[in-house]
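Novice: After the structure tokens below, expect a handful of questions from me.
Residue numbers (the numbering used here): 5 to 152.
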């Protein structure tokens, strides 16, 4: 399996990310359920625009965060650090993301919160199960899929 495939498989298996945002001297982090879209190398998440992090995201769309499990030993540590740009989805992109989000998290069918897309710009995965300190890196190329 290639490093990229290993990274994608991990991101598809997990379902919670940390989302760190900042604007106007304010810094905040939140945990959000997500669906990973491999074709776009993007996370889709649901959150209200009037939350503390939602308000910051509308001022500054640059975000960073992590995806990780809770291993009991350092030898099993696996996790991802990412940075990207977030935007509210609309139209067909929003409808597609909502269908996939609701399929993964059926309780979301009862929620009308907006969906957002984090377009990943850079990802670094650490996977000690592949060897202590093993790193897998990915960066978006300028010619890749445009942001909606």
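Quick reminder that beta carbons are idealized off the backbone N, C-alpha and C, glycines included.
Can you give me the Cβ contacts of residue 39 inside the same chain, cut-off strictly under 6 angstroms, excluding the 5 residues immediately before and after it?
Specialist: Taking the chain shown and counting its residues from 1, the one referred to as residue 39 is at position 35. Once the five neighbours on either side are set aside, the close Cβ partners of residue 39 are 48, 104, 105, 108.
Novice: Mark residue 67 as exposed unless 16 or more other C-beta atoms lie within 10 angstroms of its C-beta, in which case mark it buried.
Specialist: To locate residue 67, count along the chain shown from 1; it is residue 63. So residue 67 ends up on the buried side.
Novice: Can the beta-carbon of residue 124 be found less than 7 angstroms from the beta-carbon of residue 86?
Specialist: Here residue 124 corresponds to residue number 120 of the chain shown, with the count starting at 1. Here residue 86 corresponds to residue number 82 of the chain shown, with the count starting at 1. The answer is yes: Cβ separation under 7 angstroms.
Novice: With a threshold of 7 angstroms on Cβ separation, who are the neighbours of residue 78 within its own chain once the five nearest residues in sequence on each side are excluded?
Specialist: Translated into the one-based positions of the chain shown, residue 78 becomes position 74. These residues qualify, in order along the chain: 132.
Novice: Which runs of the beta strand (DSSP E) at least 3 residues long sit entirely within the segment 74 to 107? Give them in chain order.
Specialist: 82 to 92
Novice: If you drop the 5 nearest sequence neighbours on each side, which residues of the same chain put their C-beta closer than 8 angstroms to that of residue 11?
Specialist: Within the chain shown, residue 11 is the residue found at index 7, counting from 1. Within the same chain, residue 11 has close Cβ partners 84, 127, 129, 140, 142.
Novice: Under 6 angstroms from any heavy atom of the ligand ADP, does the C-beta of residue 36 make it?
Specialist: The ligand ADP is absent from the structure shown, which contains no ligand whatsoever.
Novice: Between the alpha carbons of residue 93 and residue 99, how many angstroms are there, rounded?
Specialist: For the purposes of this step, residue 93 is taken as residue 89 along the chain shown, with counting starting at 1. For the purposes of this step, residue 99 is taken as residue 95 along the chain shown, with counting starting at 1. Roughly 9 angstroms between the two C-alpha positions.
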